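Every letter in the sequence shown is one number past the one before it in the UniProt record's numbering, and letter 73, counting from 1, is 73.
Glycine included, C-beta positions come from ideal geometry on N, C-alpha and C.
Just so you know, these numbers come straight off a predicted model, no measurement behind them.
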Amino acid sequence: MSRCIQAGSIDELVPGQRKLVFVDGRSIALFNIDGTLSAIDNSCPHNGASLANGQLEGTLLRCPAHGLRFDVTTGCMPGSVGLRLKTFPIRVVEGELEVVLDEPAPQRCDSLACSRENSGG
Ligand code: FES
């Protein structure tokens, strides 16, 4: 079953901003890039470094540790099929951000199977 976590108000993630939320001992980095929302696991798939403060170039996020770049909208590395960043569906419901965990397809969040809980952050 999918789970939606509430990640605060959309007003806290206006275009150009990023935000960290914490749930179940993991951190998830949220980005608003020109109105497009993205949510990623804040752990680089290369060696686990925090990605939240990495430099953004468009939708490409550069890991502060060793410089690998990942597209925050897809999780993919440009020009490589090697490592892939974990991404999560994110949406806005009545002005509140919701991130879907353990969800293979974003549209399933619309089902009643989605249970909500607070992110605590
Ligand atoms: S830990 Fe991110 S590139 Fe090495």
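Does the distance from the CB of residue i to the CB of residue j come in under 8 Å?
| i | j | result |
| --- | --- | --- |
| residue 135 | Ser38 | What is shown of the chain runs 1 to 121, which leaves residue 135 out entirely. |
| Leu97 | Gly35 | no |
| Ile10 | Gly95 | yes |
| Pro45 | Leu83 | yes |
Could you tell me the boundaries of the beta strand (DSSP E) in which residue i lies?
| i | result |
| --- | --- |
| Ser38 | Thr36 to Asp41 |
| Glu57 | Gln55 to Glu57 |
| Asn32 | Arg26 to Ile33 |
| Leu61 | Leu60 to Arg62 |
| Gln6 | Arg3 to Ser9 |
| Arg18 | Arg18 to Val23 |
| Arg69 | Arg69 to Asp71 |
Mapping DSSP to helix, strand and coil, what is residue i?
| i | result |
| --- | --- |
| Glu96 | strand |
| residue 132 | Residue 132 is absent from the structure shown; the chain starts at 1 and stops at 121. |
| Cys114 | Annotation note: pLDDT 41 at Cys114 (below 50); position unreliable, coordinate value reported separately. In this structure, Cys114 counts as coil in the three-state DSSP scheme. |
| Ile90 | strand |
Whose beta carbon lies closer than 5 Å to any heavy atom of ligand 1, going through the chain in order?
Cys44, His46, Asn47, Ala49, Cys63, Ala65, His66 and Leu68
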